Amino acid sequence: MTSTKPRDVQVLPIATDTTILRSRSWTRLRFEIEYALAKGTTANSYLIKGEKTALIDPPGETFTEIYLDTLQQRFDLKQIDYVILGHVNPNRAATLKVLLERAPQITFVCSNPGAINLRGALENPDLPILVKRGEETLDLGKGHHLQFIPTPNPRYPDLLCTYDPQTEILYTDKLFGAHICSDQVFDEGWQIFLEDRRYYFECLMAPHARQVETSLEKLADLQVRMYAPNHGPLVRYGLIELTKAYREWSQQQTSQDTTVALIYASAYGNTATLAQAIAHGITKAGISVESINCEVAAPEEIQAAVEKAAGFIIGSPTLGGHAPTPVQTALGIVLSTAAKSKLAGVFGSYGWSGEAVDLLEGKLKDAGYQFGFDTIRVKFKPNDATLQMCEEAGTDFAQALKKAKKLRTPSQPATTVEQAVGRVVGSLCVLTAKQGDISSAMLASWVSQASFNPPGFTVAVAKDRAVEPLTHSGNKFVINILKEGNHIGLMKHFLKPFSPAQDRFAGVATQEAENGSPVLADALAYLECTVQSRMEAGDHWLVYAVVDNGKVLNLDGVTAVHHRKSGNHY
13 MTSTKPRDVQ VLPIATDTTI LRSRSWTRLR FEIEYALAKG TTANSYLIKG
63 EKTALIDPPG ETFTEIYLDT LQQRFDLKQI DYVILGHVNP NRAATLKVLL
113 ERAPQITFVC SNPGAINLRG ALENPDLPIL VKRGEETLDL GKGHHLQFIP
163 TPNPRYPDLL CTYDPQTEIL YTDKLFGAHI CSDQVFDEGW QIFLEDRRYY
213 FECLMAPHAR QVETSLEKLA DLQVRMYAPN HGPLVRYGLI ELTKAYREWS
263 QQQTSQDTTV ALIYASAYGN TATLAQAIAH GITKAGISVE SINCEVAAPE
313 EIQAAVEKAA GFIIGSPTLG GHAPTPVQTA LGIVLSTAAK SKLAGVFGSY
363 GWSGEAVDLL EGKLKDAGYQ FGFDTIRVKF KPNDATLQMC EEAGTDFAQA
413 LKKAKKLRTP SQPATTVEQA VGRVVGSLCV LTAKQGDISS AMLASWVSQA
463 SFNPPGFTVA VAKDRAVEPL THSGNKFVIN ILKEGNHIGL MKHFLKPFSP
513 AQDRFAGVAT QEAENGSPVL ADALAYLECT VQSRMEAGDH WLVYAVVDNG
563 KVLNLDGVTA VHHRKSGNHY
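Take the position in the sequence shown, starting the count at 1, then add 12; the result is the number in my numbering.
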């Protein structure tokens, strides 16, 4: 998504003595997997003014100057008593350093892991910090008697929710968020945000579904009328439905009978970002992930996860030419616990050398483990193409586990119903898409016209397809309709397995459509499309798109069709 709008800060009252400061960007902020929809974002911060004043969740360094200048224009920084932090990372620490210079009287409020991170990030062991473990409260006066609920997960072990019983607002930080930017502060018409919230959940929360379920139980007894997340619109109108959806999405993950143990440590957040992308690729393929931050996990927790899992993946940064001690400890547990039949994977990030990744790969190969994807080594901060590669690697890993499980299960002949379903005939097409530096494609035979005005159609996209992230609402793609008689070569090309991030169009004649997606030169016709909506349909997404442009390339040709004997596979 592109925009000529500058970044700004929207300041509005939302409840008694309570103000929101929405730092807004209409463009994508960072190379993080959850930003892939590229719809911009808001970094929400909140100010509660009782007899004392608390500032909740200042934004990251992208907004440091504009946020603090706006805050200073509207409020007296010398009157801020507390800064409450739902989580601490280096990005947010950049703003906190400047804030502390302008308002040295503030006391920070965070969880115990957050306090450790904060002292390290600000390089100040003597910071004034109130550590909240869940039982303590903070009285701001005027009825604002704040309560604190730790909601940790492996990615954010310091996560802390704050509840104000006076306004019945729950400040949820990473929970219930979405990366989308608009002028809309609250979630009127909440259904239109559900796809974005689902995608955010799948990227950030699905690998930690067990911890999310625990967090939801902790929050269940609170009398809440509004969620105030760190990103996206405030949740007021769809609060009940979103809470129910979080439970359902979490249960979908925890109820899977095949699990991957994803074990990692991250010095500067880069390795964690890679882990997040790999996990997203695994979960969207219908395999659950037990994400483990070995810096905070107990040895018995790592052992239990590895024993339960059908496969494991381990990742590490390289610090001083070595893997951090927690990673080496986790590796020892894996080597002594995991059966040699379990599928393995290795990844990591580094600055100047990658010895830690080499160590992990060498030890596991020497022990006789088979790898589910080629070892991933990333220098410095990952970019979009790297994250796409990681996501596809995760999907390949999950598909390998599913294939192995299928081989162990005796095959059954197709039922009469499956045979009948297989007789539904579909045109053979290739869906192609490009967004920035990322491009992908898939062979599609489940394509059907759905509307006359506007002209539109549906296409079913399997959840584990590499092109799936490019078929969200607002995305553009091309449907290339294949010609009977010359479709075999294109079919074989797009049906073959591709390695993660491999160019799908190498050796294929293409030209660029007006929407930027590739058009196959040998297609019978093509349609340029914009996704309007998606509906979850079992193991597929049913994508409805409207046609913006199109052309028949061969007036005498006939559409190639796909005949199947069974409806239980393509």
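Beta carbons are placed, not taken as given, at the ideal position from N, Cα and C, and that holds for glycine. Since the structure is predicted, the reported quantities are computational estimates derived from the model, not experimental observations.
From the options, pick the residue whose C-alpha is nearest to that of residue i; which is it?
{"i": "residue 557", "options": "550, 564, 540, 569", "result": "540"}
{"i": "residue 161", "options": "167, 201, 234", "result": "234"}
{"i": "residue 65", "options": "156, 97, 132", "result": "156"}
{"i": "residue 508", "options": "454, 464, 524, 472", "result": "454"}
{"i": "residue 142", "options": "107, 177, 106, 94", "result": "94"}
{"i": "residue 129", "options": "533, 491, 168, 207", "result": "168"}
{"i": "residue 346", "options": "529, 366, 319, 331", "result": "319"}
{"i": "residue 412", "options": "382, 315, 221", "result": "382"}
{"i": "residue 344", "options": "321, 185, 379", "result": "379"}
{"i": "residue 209", "options": "196, 189, 195", "result": "189"}
{"i": "residue 139", "options": "365, 105, 314", "result": "105"}
{"i": "residue 482", "options": "550, 51, 316, 520", "result": "51"}
{"i": "residue 349", "options": "340, 335, 314", "result": "314"}
{"i": "residue 565", "options": "506, 491, 579", "result": "491"}
{"i": "residue 179", "options": "59, 96, 122, 137", "result": "59"}
{"i": "residue 70", "options": "488, 46, 112", "result": "112"}
{"i": "residue 365", "options": "352, 390, 353", "result": "390"}
{"i": "residue 264", "options": "284, 225, 458, 253", "result": "225"}
{"i": "residue 192", "options": "144, 87, 417, 49", "result": "49"}
{"i": "residue 567", "options": "538, 542, 575", "result": "538"}
{"i": "residue 203", "options": "554, 216, 465, 546", "result": "546"}
{"i": "residue 147", "options": "153, 137, 122", "result": "122"}
Taking just the CA atoms, how far does residue j sit from residue i?
{"i": "residue 357", "j": "residue 402", "result": "11 angstroms"}
{"i": "residue 201", "j": "residue 36", "result": "20 angstroms"}
{"i": "residue 515", "j": "residue 399", "result": "15 angstroms"}
{"i": "residue 571", "j": "residue 440", "result": "7 angstroms"}
{"i": "residue 124", "j": "residue 432", "result": "60 angstroms"}
{"i": "residue 44", "j": "residue 563", "result": "37 angstroms"}
{"i": "residue 368", "j": "residue 333", "result": "7 angstroms"}
{"i": "residue 300", "j": "residue 218", "result": "8 angstroms"}
{"i": "residue 132", "j": "residue 109", "result": "12 angstroms"}
{"i": "residue 238", "j": "residue 257", "result": "16 angstroms"}
{"i": "residue 577", "j": "residue 435", "result": "7 angstroms"}
{"i": "residue 151", "j": "residue 291", "result": "40 angstroms"}
{"i": "residue 268", "j": "residue 24", "result": "43 angstroms"}
{"i": "residue 532", "j": "residue 522", "result": "5 angstroms"}
{"i": "residue 512", "j": "residue 229", "result": "38 angstroms"}
{"i": "residue 262", "j": "residue 62", "result": "37 angstroms"}
{"i": "residue 530", "j": "residue 289", "result": "25 angstroms"}
{"i": "residue 90", "j": "residue 174", "result": "23 angstroms"}
{"i": "residue 177", "j": "residue 77", "result": "32 angstroms"}
{"i": "residue 450", "j": "residue 397", "result": "6 angstroms"}
{"i": "residue 582", "j": "residue 68", "result": "51 angstroms"}
{"i": "residue 308", "j": "residue 220", "result": "14 angstroms"}
{"i": "residue 525", "j": "residue 370", "result": "42 angstroms"}
{"i": "residue 38", "j": "residue 75", "result": "13 angstroms"}
{"i": "residue 13", "j": "residue 33", "result": "Here the model assigns residue 13 a pLDDT of 39, short of 50, so the residue's position is not dependable, and the following value carries that caveat. When rounded, the distance between both Cα atoms is 23 angstroms."}
{"i": "residue 88", "j": "residue 29", "result": "15 angstroms"}
{"i": "residue 464", "j": "residue 470", "result": "12 angstroms"}
Does the beta-carbon distance from residue i to residue j come in below 9 angstroms?
{"i": "residue 329", "j": "residue 277", "result": "yes"}
{"i": "residue 171", "j": "residue 164", "result": "yes"}
{"i": "residue 212", "j": "residue 250", "result": "no"}
{"i": "residue 438", "j": "residue 460", "result": "yes"}
{"i": "residue 363", "j": "residue 385", "result": "no"}
{"i": "residue 372", "j": "residue 327", "result": "yes"}
{"i": "residue 134", "j": "residue 107", "result": "no"}
{"i": "residue 26", "j": "residue 197", "result": "yes"}
{"i": "residue 282", "j": "residue 361", "result": "yes"}
{"i": "residue 498", "j": "residue 527", "result": "no"}
Under 8 angstroms by Cβ, that's how I've got residue i and residue j pegged, so tell me the actual separation to the nearest angstrom.
{"i": "residue 337", "j": "residue 359", "result": "Their Cβ separation, rounded to whole angstroms, is 19 angstroms, which puts residue 337 and residue 359 out of contact at 8 angstroms."}
{"i": "residue 286", "j": "residue 394", "result": "6 angstroms"}
{"i": "residue 410", "j": "residue 294", "result": "5 angstroms"}
{"i": "residue 536", "j": "residue 495", "result": "4 angstroms"}
{"i": "residue 73", "j": "residue 103", "result": "6 angstroms"}
{"i": "residue 242", "j": "residue 55", "result": "7 angstroms"}
{"i": "residue 552", "j": "residue 472", "result": "5 angstroms"}
{"i": "residue 475", "j": "residue 297", "result": "7 angstroms"}
{"i": "residue 185", "j": "residue 99", "result": "6 angstroms"}
{"i": "residue 573", "j": "residue 487", "result": "Their Cβ separation, rounded to whole angstroms, is 27 angstroms, which puts residue 573 and residue 487 out of contact at 8 angstroms."}
{"i": "residue 246", "j": "residue 195", "result": "With 8 angstroms as the limit, residue 246 and residue 195 do not qualify as a contact, their Cβ atoms being about 13 angstroms apart."}
Which ranges does the beta strand (DSSP E) cover as unbroken runs of at least 3 residues, wholly within the segment 425-503, from first to last along the chain? Whole beta strand (DSSP E) segments, 3+ residues: 441-447, 450-456, 459-463, 468-474, 488-493.
Please list the segments of the beta strand (DSSP E) lying wholly inside the segment 312-399, counting only runs of 3 or more residues, in order along the chain. If we require 3 residues or more, the beta strand (DSSP E) runs fully inside the segment 312-399 come out as 323-329, 355-362, 388-391.
Write down every uninterrupted run of the alpha helix (DSSP H) in the segment 85-169 whose length is 4 residues or greater and which is fully enclosed by it, in chain order. Assignment of alpha helix (DSSP H) within the segment 85-169, counting only whole runs of 4 or more residues, yields 102-114, 124-133 in chain order.
Whole alpha helix (DSSP H) runs in the segment 173-215 with 4 or more residues, listed along the chain? Taken in chain order, the whole alpha helix (DSSP H) runs of length 4 or more contained in the segment 173-215 are 206-212.
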